[in-house]
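The block underneath contains the structure these notes are about, expressed in structure tokens.
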Amino acid sequence: MRKLTFAQALNEALRQEMRRDPTIYVAGEDVGKYGGIFGVTAGLLEEFGEERVRDTPITESAIIGSAVGAAAAGLRPVVEIMFIDFIGVALDQLFNQAAKMKYMFGGKAKLPIVVRTTCGAGMSAAAQHSQSLEAWFMHIPGLKVVAPSTPYDAKGLLISSIRDDNPVLFIEHKMLYGIEGEVPEEPYTIPLGVADIKREGKDVTVVATMAMVHKALEAAEDLAKEGIEVEVVDPRTLSPLDRETIINSVKKTHRLVIVHEAVKQAGPGAEIAATVAEEAFEYLDAPIKRVAAPFTPVPFSPVLESAYIPSKESIISAVKEVIGK
Amino acid sequence: MAIEKEKLLWMYEKMRTIRAFEEKVAELFAAGKIPGFVHLYIGEEAVAVGVCANLRDDDYITSTHRGHGHLIAKGGDLKLMMAELFGKKTGYCKGKGGSMHIADLDLGILGANGIVGGGLPIAAGAALAAKYQGTDRVVACFFGDGAANQGTFHEALNMASIWNLPVIFVCENNHYAISLHQHKHMHVTDIAERAKAYDIPGVVVDGNDVIAVYEAAEAAVKRARAGEGPTLIECKTYRHRGHFEGDPMVYRPKEEAEEWKKRDPIPRFEAKLLEMGILTPADIARIQEEIKAKVEEAVRFAEESPYPEPAEVLQDVYTE
Chain X
1 MRKLTFAQAL NEALRQEMRR DPTIYVAGED VGKYGGIFGV TAGLLEEFGE ERVRDTPITE
61 SAIIGSAVGA AAAGLRPVVE IMFIDFIGVA LDQLFNQAAK MKYMFGGKAK LPIVVRTTCG
121 AGMSAAAQHS QSLEAWFMHI PGLKVVAPST PYDAKGLLIS SIRDDNPVLF IEHKMLYGIE
181 GEVPEEPYTI PLGVADIKRE GKDVTVVATM AMVHKALEAA EDLAKEGIEV EVVDPRTLSP
241 LDRETIINSV KKTHRLVIVH EAVKQAGPGA EIAATVAEEA FEYLDAPIKR VAAPFTPVPF
301 SPVLESAYIP SKESIISAVK EVIGK
Chain V
326 MAIEKEKLLW MYEKMRTIRA FEEKVAELFA AGKIPGFVHL YIGEEAVAVG VCANLRDDDY
386 ITSTHRGHGH LIAKGGDLKL MMAELFGKKT GYCKGKGGSM HIADLDLGIL GANGIVGGGL
446 PIAAGAALAA KYQGTDRVVA CFFGDGAANQ GTFHEALNMA SIWNLPVIFV CENNHYAISL
506 HQHKHMHVTD IAERAKAYDI PGVVVDGNDV IAVYEAAEAA VKRARAGEGP TLIECKTYRH
566 RGHFEGDPMV YRPKEEAEEW KKRDPIPRFE AKLLEMGILT PADIARIQEE IKAKVEEAVR
626 FAEESPYPEP AEVLQDVYTE
């Protein structure tokens, strides 16, 4: 099958959806002529014009807030917040307005909004351009949080997010944009809230998200050589979270390691660990381990940054710890 | 004056309805029948009515925490409003929103809002949709003097300006951001001056003169429908009551409030209509009776309505 990068897969999803549905428009900082700071919206302006591909001022509240108003009035906005770190300036529009409107209004509002954003360390972009803040949004009822790890998932999940009638925060890890993978040309959907088992194994379940999925797979490859069979579960959607797939995997392996790049304290792993402790405690043969970033801002220097990002080695040692090797 | 008689009467009735509704809410709140926070619109009726008198059913508004007046002026149903204030299942939001979150999307009411300045970017977005869809719908965006200091004010006016969006930004300057007087929360006297920063028209009007508000809004709506972009209208007004019911109002001199009450928009408009021969004292008495009956009916509806089932707490979070 044809291969695309993660960024190309997203671009194709946007392009195909915009061709299908004229109510979809794209807006954000530098999404037009520039094509998006990571190139995800490249060429859209040329194909769809300025009405549908809107360069905005650097005003994140107005970017998300206008999406809320436009969605309430019948459009399907796909807006971009260049870095998730910038979402703080627009948070009210996302968590108080977009996420709550349907409920506050007694179910009447329908808000099909996608807020695309980037997360993650690895480019020495330092503390305000590298964070993984997905847990903040898992805490907000009314939002969906999507976090793909492969080009295939990126395309299918973005199409599903655009077609979903709820506000979706679609998080793209910036170190994944260049990775390649097989992506069908025709449009397809991947249901939100369904995890994917990226590798089957019987000894330990490793739940990993976004860029960490790839590190978990590398760790699993190494561990296989030592006879340890790791099952890698990628939730793909963090809210709603596919608890069932995670629990079923733990029931099979009896051991759980959770890997994410967000800081450990109150990160997504806390929710996953608590779920397994509540639902499958009696199946566990070892304490749950979390491999995550330390409780610090993201550092700048490449040396410090690589110490910050969870490594393949730390995943391997956590897996060995839970199986007592 | 070129405003037709029916419209003048409509405005009078709406202003009277808002006043009667709010006075009843104050009474019911004091009696413990309405839970939560309520922010009453008494004294500011001319603003909502003067603006909404220029709107069509398919136009939009965004409202505020002090939203009852906007809702009534845009056509909101008193029964559904009152039931919502009571927290009943039959209310506008099935008891899930309350005073600060009433919406009626069928009437273009995109919601009251508990966040000061929260509605401004939403108004820009609704206007973007109106334009995108090739309609001549407009959006009236209500907000207060306090909200005029929020970042969203700047972001939304700038966006509406650069994209030439059909929004009428209506600043209800009641001179207090909760307890802080305008001269302590900004240095400009006229908030409309800020329009210059966006290269859009900024107009100051007497917000207690419904005709003045109507005329300013008429021009702004015309501009917006014609694709000429947004306008900022500042309506100088005053809330007769506290920021919320129960506010001890230690921050506001009694003399100031008395002074403003002399400029109460309703008696002023009433006197004008009497003078013009559009209303007679008998008409006034009849209209007041009719409104009273409607408000009483709304209260009865609210009181007799059931509360939501506790299990409904789980519903309406997501669209399936």
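From first to last, the protein sequence lines stand for chains X and V.
Taking the working numbering, the leading residue of the first sequence gets 1, the next gets one more, and so forth.
Taking the working numbering, the leading residue of the second sequence gets 326, the next gets one more, and so forth.
Beta carbons are placed, not taken as given, at the ideal position from N, Cα and C, and that holds for glycine.
These numbers come from a predicted model, not from an experiment.
Beta-carbon spacing of residue i, residue j below 8 Å
{"i": "residue 26 of chain X", "j": "residue 14 of chain X", "result": "yes"}
{"i": "residue 120 of chain X", "j": "residue 198 of chain X", "result": "no"}
{"i": "residue 17 of chain X", "j": "residue 162 of chain X", "result": "yes"}
{"i": "residue 268 of chain X", "j": "residue 293 of chain X", "result": "no"}
{"i": "residue 230 of chain X", "j": "residue 250 of chain X", "result": "no"}
{"i": "residue 454 of chain V", "j": "residue 492 of chain V", "result": "no"}
{"i": "residue 541 of chain V", "j": "residue 528 of chain V", "result": "yes"}
{"i": "residue 560 of chain V", "j": "residue 441 of chain V", "result": "no"}
{"i": "residue 374 of chain V", "j": "residue 398 of chain V", "result": "yes"}
{"i": "residue 589 of chain V", "j": "residue 107 of chain X", "result": "no"}
{"i": "residue 234 of chain X", "j": "residue 208 of chain X", "result": "yes"}
{"i": "residue 328 of chain V", "j": "residue 387 of chain V", "result": "no"}
{"i": "residue 147 of chain X", "j": "residue 4 of chain X", "result": "no"}
{"i": "residue 132 of chain X", "j": "residue 300 of chain X", "result": "no"}
{"i": "residue 90 of chain X", "j": "residue 66 of chain X", "result": "no"}
{"i": "residue 340 of chain V", "j": "residue 378 of chain V", "result": "no"}
{"i": "residue 393 of chain V", "j": "residue 467 of chain V", "result": "no"}
{"i": "residue 426 of chain V", "j": "residue 95 of chain X", "result": "no"}
{"i": "residue 213 of chain X", "j": "residue 149 of chain X", "result": "yes"}
{"i": "residue 552 of chain V", "j": "residue 503 of chain V", "result": "no"}
{"i": "residue 537 of chain V", "j": "residue 546 of chain V", "result": "no"}
{"i": "residue 32 of chain X", "j": "residue 2 of chain X", "result": "no"}
Extent of the continuous alpha helix (DSSP H) to which residue i belongs
{"i": "residue 320 of chain X", "result": "312-323"}
{"i": "residue 625 of chain V", "result": "606-629"}
{"i": "residue 243 of chain X", "result": "243-253"}
{"i": "residue 6 of chain X", "result": "6-20"}
{"i": "residue 137 of chain X", "result": "134-138"}
{"i": "residue 348 of chain V", "result": "330-355"}
{"i": "residue 592 of chain V", "result": "590-601"}
{"i": "residue 275 of chain X", "result": "268-280"}
{"i": "residue 68 of chain X", "result": "60-72"}
{"i": "residue 486 of chain V", "result": "476-487"}
{"i": "residue 306 of chain X", "result": "302-308"}
{"i": "residue 217 of chain X", "result": "211-225"}
{"i": "residue 155 of chain X", "result": "151-163"}
Contact belief for residue i with residue j at Cβ below 8 Å, rounded distance in angstroms
{"i": "residue 167 of chain X", "j": "residue 98 of chain X", "result": "4 Å"}
{"i": "residue 512 of chain V", "j": "residue 506 of chain V", "result": "About 12 Å; that fails the 8 Å criterion."}
{"i": "residue 326 of chain X", "j": "residue 118 of chain X", "result": "Here chain X has residues from 1 to 325 only, and residue 326 of chain X is not among them."}
{"i": "residue 135 of chain X", "j": "residue 262 of chain X", "result": "6 Å"}
{"i": "residue 494 of chain V", "j": "residue 557 of chain V", "result": "5 Å"}
{"i": "residue 246 of chain X", "j": "residue 276 of chain X", "result": "7 Å"}
Enclosing beta strand (DSSP E) for residue i [first to last residue]
{"i": "residue 55 of chain X", "result": "53-55"}
{"i": "residue 260 of chain X", "result": "256-263"}
{"i": "residue 108 of chain X", "result": "Here residue 108 of chain X belongs to no beta strand (DSSP E), and DSSP marks it neither H nor E."}
{"i": "residue 292 of chain X", "result": "289-293"}
{"i": "residue 176 of chain X", "result": "Where residue 176 of chain X is concerned, there is no enclosing beta strand (DSSP E), given that its DSSP letter is neither H nor E."}
{"i": "residue 558 of chain V", "result": "556-561"}
{"i": "residue 497 of chain V", "result": "492-498"}
{"i": "residue 387 of chain V", "result": "385-387"}
{"i": "residue 380 of chain V", "result": "No beta strand (DSSP E) contains residue 380 of chain V, which DSSP labels as neither H nor E."}
{"i": "residue 144 of chain X", "result": "144-146"}
{"i": "residue 656 of chain V", "result": "Outside the shown range of chain V, which is 326 to 645, sits residue 656 of chain V, and nothing can be said about it."}
{"i": "residue 465 of chain V", "result": "464-469"}
{"i": "residue 579 of chain V", "result": "From DSSP, residue 579 of chain V is part of no beta strand (DSSP E) but of the alpha helix (DSSP H) over 579-586."}
Using 8 Å as the Cβ pair cut-off and three pairs as the minimum, do the region 401-415 of chain V and the region 621-636 of chain V touch?
yes
Using 8 Å as the threshold, is the region 256-270 of chain X in touch with the region 351-366 of chain V, meaning 3 or more CB pairs across them?
At 8 Å Cβ cutoff, the stretches do not touch.
Mind listing which residues of the region 442-472 of chain V have their C-beta closer than 9 Å to chain X's C-betas, in chain order?
For the region 442-472 of chain V, the set of residues with a beta-carbon nearer than 9 Å to any beta-carbon of chain X comprises 442, 443, 444, 445, 446, 447, 448, 449, 450, 451, 452, 453, 454, 455, 456, 457, 458, 462 and 464, in chain order.
Given 8 Å as the limit, is there contact between the region 564-584 of chain V and the region 595-604 of chain V, that is, 3 or more CB pairs closer than that?
Verdict: no, contact absent.
Name, going along the chain, the residues of the region 396-422 of chain V whose beta-carbon falls closer than 7 Å to a beta-carbon of chain X.
Cβ contacts with chain X: 417, 418, 419, 421 and 422.
May I ask you to verify whether the region 39-53 of chain X touches the region 61-77 of chain X, counting CB pairs closer than 8 Å and requiring at least 3?
Under the 8 Å Cβ criterion, the region 39-53 of chain X does not count as touching the region 61-77 of chain X, having fewer than three qualifying pairs.
Given a limit of 9 Å on CB to CB distance, which residues of the region 53-85 of chain X reach chain V?
54, 56, 57, 59, 60, 61, 62, 63, 64, 65, 66, 67, 68, 69, 70, 71, 72, 73, 74, 75 and 77
Between the region 27-36 of chain X and the region 77-92 of chain X, do at least 3 Cβ pairs fall closer than 8 Å?
yes
Interface residues of the region 161-173 of chain X facing chain V [CB-CB below 9 Å]:
164, 165 and 166
So if I threshold CB-CB distances at 9 Å, which residues from the region 614-643 of chain V count as touching chain X?
640, 641, 642 and 643
At least 3 beta-carbon pairs within less than 8 Å: the region 602-621 of chain V vs the region 577-585 of chain V:
no
Using a beta-carbon distance cut-off of less than 7 Å, what residues from the region 86-119 of chain X approach chain V?
92, 93, 96, 97, 101, 102, 103, 104, 105, 106, 107, 108, 109 and 110
Residues of the region 228-245 of chain X in Cβ contact with chain V at a cutoff of 9 Å, in chain order, please.
240
Using a Cβ-Cβ cut-off of less than 7 Å, give me the residues of the region 134-149 of chain X that come near chain V, in sequence order.
141 and 142
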